[in-house]
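First the structure, in the form of structure tokens, and then the observations on it.
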Amino acid sequence: MSFRNMVAVILLSLLAVFFIFSVLLIHPFGAPNQTQMDDHMIEHTQDETGTNNGVTSIVFDYRGFDTLGEATILFTAVAGVMMIFRRAKK
Amino acid sequence: MSEMSKIVRTVSNMLFPFIVLFGIYVIAHGHLTPGGGFQGGAVVASGCAMILVAYGSGWVFGKIKEKRLSAFESLGAVMFIGVALLGLAFSGVFFGNFLAGSNLLFGVTPAVGSTLADINTGGVLPLMNFAVGIKVIAGLFVIVLVMAYASSVKEWK
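Here it is as structure tokens:
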């Protein structure tokens, strides 16, 4: 086995160990039952973010980083398509 | 794709303004009604894709520079991150809602409970909806346009 394969096997087994432990340590299904964060968001959406639409207030305000990730996905997709299907140089 | 029959082109001509108008409505009322920047942008981009199918990708490709659309997509991303950074500057946290409750643009706070919708509420959320709307319109349309044109040209060098 070459050195490169050895490194790959070690890294992959490390990754597998991380995945197995994260599956074992996950919350059981449906738990935690009630969190303070849910109640806070439902009660304070209107006076904190000033919107009547609770879903938008969570998507763009409380969980803005998630939307930033979605925007990054779209940006990456456009960059990839523009790179693959670019016009030929004349 | 070559252009389709005259009937299809006429009907898509008639439908296109209404589809774009509905998409802009969904984007502009994203903080009041279901939907938002992503959904409204997808509606507008699907209207543009209808024009692309009806008229053929070569015709549309001659009218619009795909690099300009890509620049609009990047502009939307920059606006989105810019509004988030303004939140960092004015309220201290990234994605902070610095306009809510400030009585400036979009700064009115609605009464708690089920109230009538007011367009002048929401703080930075309408601005973010607008930025994401630009981004999704340009991004989805440029993907469909470039892939349709590349599949119609026989030798893509």
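Chains A and B are the protein sequences, given in the same order.
Note that this note's numbering has the first sequence beginning at 2, numbered continuously upward.
Note that this note's numbering has the second sequence beginning at 3, numbered continuously upward.
Glycine included, each C-beta is placed from N, C-alpha and C at the ideal position.
Between the stretch 127 to 144 of chain B and the stretch 77 to 87 of chain A, do three or more beta carbon pairs fall short of 8 Å?
yes
Just how far apart, CA to CA, sit ALA30 of chain B and LEU129 of chain B?
9 Å
Excluding five sequence neighbours on each side, which residues of the same chain lie with their C-beta closer than 7 Å to the C-beta of ASN131 of chain B?
ILE29, GLY32, HIS33, GLY38, GLY39
Note down the Cα distance separating PHE97 of chain B from VAL85 of chain B, rounded to an integer number of angstroms.
For PHE97 of chain B and VAL85 of chain B, the distance between alpha carbons rounds to 7 Å.
Look up THR123 of chain B in the DSSP assignment and give the residues it is bridged to.
B:VAL110
CB contact check: PHE86 of chain A to chain B, cutoff 8 Å:
yes
Own chain partners of SER14 of chain B with C-beta closer than 7 Å, once the 5 adjacent residues on each side are dropped:
So the list reads MET52, ILE53, ALA56, once near-sequence residues are dropped.
Can you find a C-beta in chain A that's less than 8 Å from the C-beta of ALA119 of chain B?
yes
Taking only beta-carbon positions, decide if PHE100 of chain B is within less than 8 Å of chain A.
Taking 8 Å as the CB threshold, PHE100 of chain B stays off the interface with chain A.
Please classify GLN37 of chain A: is it buried, with 16 or more other beta-carbons within 10 angstroms of its beta-carbon, or exposed?
Burial call: exposed.
Please state the DSSP three-state secondary structure of PHE96 of chain B.
coil
Specify, as a first and last residue, the run of the alpha helix (DSSP H) that THR12 of chain B falls within.
8 to 30
Less than 8 Å between the CB atoms is what I'm expecting for ASP48 of chain A and VAL114 of chain B, so what's the real figure, rounded?
Between VAL114 of chain B and ASP48 of chain A the Cβ distance is about 6 Å, and since that is below 8 Å, they are a contact.
Mind checking which residues open and close the alpha helix (DSSP H) that includes PHE76 of chain A?
65 to 85
Contacts of MET149 of chain B in chain A (Cβ-Cβ under 7 Å)
Within chain A, VAL82, PHE86 have C-beta atoms less than 7 Å from the C-beta of MET149 of chain B, given in sequence order.
Please name the residues in the stretch 78 to 99 of chain B whose beta-carbon is closer than 7 Å to at least one beta-carbon of chain A, in chain order.
ALA79, PHE82, ALA86, PHE97, ASN99
Residues near LYS91 of chain A by beta carbon distance below 7 Å, same chain, minus five either side
Only weak support exists for where LYS91 of chain A lies, its pLDDT of 45 falling under 50; the value from the coordinates is given anyway. Excluding residues within five positions, none has a Cβ falling inside 7 Å.
Residues near PHE74 of chain B by beta carbon distance below 7 Å, same chain, minus five either side:
Residues ILE136, ALA140 of the same chain have their beta carbon placed closer than 7 Å to that of PHE74 of chain B, with the five preceding and five following residues left out of the count.
Could you tell me which of B:ASN105, B:SER48, B:ARG11, B:MET6 sits nearest to ILE26 of chain B, measuring between CA atoms?
B:SER48
Between GLY51 of chain A and chain B, is any beta-carbon pair separated by less than 8 Å?
yes
Amino acids of chain A, ordered along the chain, whose beta-carbon sits closer than 8 Å to that of ALA152 of chain B
PHE86
Sequence-distant residues of its chain with Cβ nearer than 8 Å to ASN105 of chain B (five each side left out)
none
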